[in-house]
Amino acid sequence: MKIQFTEAQLALRDELRGYFRELMTPELRAECERDMGEGGGLLWRAALARMGRDGWIGLGWPKEYGGRDMSPMEQFIFVEEVMRAGYPFPFLTTESVGPTLAEHGNEWMREEIVPKILRGELLVSIGYSEPGAGTDLAAVRTSAVRDGDDWVINGQKMWTSLAHFCDYTWLAARTDPDAPKKHKGISMFLVPNSDPGWSCTPVHTLGGVRTNATFYDNIRVSDAHRVGELHGGWKLITSQLNRERLSLINFGPISELFNQVVHWARGAVYDEASTVAEQPWVQANLARSRALIECMKLIVYKQSWAMTEGTLGMADASAAKVFGSEGFIEVYRLLGEIVADSGLLRSHSAGAQEQAARIERLYRTASIITFGGGANEIQRDIISAAGLWMPRASR
Amino acid sequence: MDFGFSDIQDELRGLARKILDDAVSASTLLAYDEYAEPRFDRALWRTLLDAGLPGIAVAEEHGGMGLGFMELGLFIEELGRSIAPVPVLAHCVSGMLPLQQFASADIQARLLPPAARGELLLSGAFWTGSVGGAVEPVQALPAEGGFILNGSCRGIPFARQADWLLLPVHSANGVAVVLVATDAAGVQMTDLQMTHFEPYAQIELSDVRVAAADVVMASGGEALVAWTREHCTAALCAQQLGAADRAMRMAASYTSERKQFGVPIATFQAVGHRMADCYIDVECLRLCTWQALSLLSEARAATTEVQIAKIWAGDVGHRVSYACQHVHGGTGIDRDYPLWRYCLWLRFNEVTLGSSSAQTAALGQRLSQGEGLFT
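Residue numbers (this note's numbering), protein chains in the order written: chain A, 911 to 1305; chain B, 388 to 762.
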């Protein structure tokens, strides 16, 4: 038990901070701001490829994939720092789909797709939800039908975020319409977004972020595009979601935002006699935020350690997701109270201040995290069953 | 970054749990309810001493195991899990540890070996007040290289059972820290009745003489007080962690057995979710507490981390206590069922040495001065 970074890990963190200070040019920052913190622009692409070339994306990956063979903890430090630097890192591709492909994929996926992901040259969007399948994900109706050696895919997916600039979709499709239990008849596919039968329409959200509805019209793929066992997709979905849940709770950006708000509050005038930071209620909000973010940090550190040890449990992954998502929302609110009406100005407004405008946007985008990646109600079900061995109601 | 237990830590936890499971149960604790007897199981204390556990963090040269505060904290977590009636916090955390850290070699050689063997019982006046609480109003006038003490202390755990008390006192040169024998002339004790039945007494001191040899620090005692209270606070968090975890698991088991409408009440989502929230809360307390113990064990600055741990200890203790009582229904408050004593301890640990609100205010003030930011 030693809850501190090693000297080598601290040195890695400093190296990464230096690296990103140089990488994050004002032009790249402006492009990311334009793209609502989602990425996808030309400079963003170039920066991702550079990170890949410089060996950062695959830091914690085995050498056979082009990685550097360090542990998940080092990988986690990299992701934390890239996010802290304000770069919209495509962690769903690199931290959740990538590892699942490496574990369950075929030769083509392991030898071509995964190394390209680690080089920052290939992006994957996630196709699970459908108009009729959200929390009850096993209700997917998108179908893959065997035709000779190929599969023919038809259906519609919802909330396919980033799909408009991704190369593939990690797609859940029904391969056995007659399976006795509906989650037993699903298989996973890697579908090229460049296929003529693939299309997407944007969905604009409260947070300003674009997501997509995607359509799959008689897309024909070879069996090599199928991942893992036939009808065995559910296991891959839960494995990917466990990794996604961990990646969602990255505390780098919020700890940076916290520090910035403290600095701002110490210099900002509250009334003739005092600064914002001198108000007791501001101090209370800061302390409550600090205590919440500290726990987010420890929860993700512990999980990175558990991944290193191969002991990441379902209950803890779900606990991280629930605590992190609800914690983010609480912290955005507490810090938003401190910046007060400055936090109601959008970033392009006259008079907008950088941190306050970021809080304005984050507060709008935060609602997605309590239901995205698996609704928190489902996570709580998992926690009481897997963490406390309590019986579950049949659904 | 290592969240796993070392072999030694595993062994110590297992040993402590086995001893405590064998010796502490609802029926043995019954003897102390309502102060029927002083809450001190001397047979259990002897067993723990023979196993060396109270001396975990005492140097080998003084008869201890020579391990760190991390290991002592893990032992205290087990004590919290069983709410064992033994004076580990008083004797080890507010007695032996500050002596080992601050006292002269002479005092250490004289007191630590018998204290580690349990021939002497120590306690200290560090457990009252809020965050960074004030030193009790005891005035010390210099006399023959020592002091003469007059004043009072509001509450010291196991004072009546202890042989020596470690007292911070006010002198002309600031804070001094002295050892007072509990049988010294002029020491008067009045028993307190605490919410959780722990033996506590308030102390009156009238012209109590302290010999030069019993002065731990003639001046500059503020450092000892701050250091000791920080360790006491972290120890309370560890005790809270054990107690909260046990109460939560009791509630999880109970709701899995208890049937209403023909099904276990655990299958109602409202019940399951309340327990899931306890699980998350306890995990947060666990991680913050372990971090604080780990930093203190390495003698690293830990003020921010201890304050955060105590914020969680207060909030989690309160929420878990009431959630567990609630899902138990009437059973939870029935004194024939073991939960109720845990609720008392969760309350004690919540309030002692600064509630969540007090710790939040203290941390907020430091943050507003630019301290405690993320690195």
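Heads up, the beta-carbon is just placed ideally off N, CA and C, and yes, glycines get one too.
- Around D389 of chain B, the beta-carbon contacts reaching into chain A at under 8 Å are M911, K912, I913 and W1215.
- In the displayed model, A1260 of chain A falls within coil according to three-state DSSP, outside both helix and strand.
- Between L623 of chain B and E1287 of chain A, the alpha-carbon positions lie close to 32 Å from each other.
- Of the residues assessed, G451 of chain B falls on the buried side of the cut-off, its CB having 16 or more other CB atoms within 10 angstroms.
- Assigned with DSSP and collapsed to three states, H449 of chain B falls in helix.
- Counting C-beta atoms within 10 angstroms of its own C-beta, E644 of chain B has fewer than 16 neighbours from the protein chains shown and is therefore classed as exposed.
- Taken in chain order, the complete beta strand (DSSP E) segments of 3 residues or longer contained in the stretch 1152 to 1238 of chain A are 1179 to 1181.
- Counting C-beta atoms within 10 angstroms of its own C-beta, P936 of chain A has fewer than 16 neighbours from the protein chains shown and is therefore classed as exposed.
- Looking at the backbone, the Cα of L680 of chain B and that of T415 of chain B are separated by about 30 Å.
- In this structure, the alpha-carbon of E398 of chain B lies about 9 Å from that of F392 of chain B.
- With respect to V603 of chain B, A490 of chain B sits close: the two C-beta atoms are nearer than 8 Å.
- Separation of D1181 of chain A and T762 of chain B (C-alpha to C-alpha, rounded to the nearest whole angstrom) is 30 Å.
- Within the stretch 468 to 511 of chain B, the complete beta strand (DSSP E) segments at least 3 residues long are 509 to 511, listed from N- to C-terminus.
- In this structure, the beta-carbon distance from L1167 of chain A to L1245 of chain A falls below 8 Å.
- Under the three-state reduction of DSSP output, F986 of chain A falls in the helix class.
- For the beta strand (DSSP E) assignment, the uninterrupted runs of no fewer than 3 residues enclosed by the stretch 508 to 547 of chain B are, from N- to C-terminal side, 509 to 511, 525 to 530 and 533 to 544.
- Taking C-beta separations shorter than 7 Å and ignoring five residues to either side along the sequence, the partners of L1151 of chain A in its chain run G1283 and G1284, following chain order.
- Proximity of chain A to W699 of chain B at the Cβ level (cut-off 8 Å) is accounted for by A1201 and C1205, in chain order.
- Listed along chain B, the residues sitting closer than 7 Å to Y1211 of chain A by beta-carbon distance are M388.
- For F1125 of chain A, the enclosing beta strand (DSSP E) has its first and last residue at R1120 to S1132.
- Out of B:H557, B:V714 and B:V518, the CA that lies nearest to the CA of L536 of chain B is found in B:H557.
- A direct Cα-to-Cα measurement between A1043 of chain A and K1094 of chain A gives close to 15 Å.
- For A418 of chain B, the closest Cβ of chain A is not nearer than 8 Å.
- Between the beta-carbon of V475 of chain B and that of P441 of chain B there is about 6 Å, and that keeps the pair under the 8 Å contact cut.
- Below 8 Å, enough C-beta pairs join the stretch 699 to 711 of chain B and the stretch 668 to 687 of chain B to call them touching: three or more.
- DSSP places E758 of chain B outside both helix and strand once states are collapsed to three, so it counts as coil.
- Contact annotation, Q694 of chain B with A749 of chain B: C-beta distance approximately 6 Å; criterion of less than 8 Å satisfied.
- Residue environment for T1003 of chain A: buried (at least 16 other C-beta atoms within 10 angstroms of its C-beta).
- With a 10 Å radius around the Cβ and a threshold of 16 neighbouring Cβ atoms, G649 of chain B comes out exposed.
- Taking a C-beta distance under 8 Å as the contact criterion, G968 of chain A and R955 of chain A do not qualify as a contact pair.
- Within the same chain, Cβ atoms closer than 6 Å to the Cβ of F1125 of chain A are found at Q1066 and S1109, the five residues on either side in sequence being excluded.
- By the rule that beta-carbons nearer than 8 Å mark a contact, M457 of chain B touches chain A.
- The contact set of A639 of chain B on chain A, defined by CB atoms closer than 8 Å, consists of S1294, L1298, W1299 and M1300 in chain order.
- Chain order gives the chain B residues near M983 of chain A as M388, where near means a beta carbon separation below 9 Å.
- When the Cα atoms are used, R426 of chain B and F545 of chain B turn out to be separated by approximately 9 Å.
- The beta carbons of W551 of chain B and C619 of chain B sit about 17 Å from each other, so the pair does not count as a contact at 8 Å.
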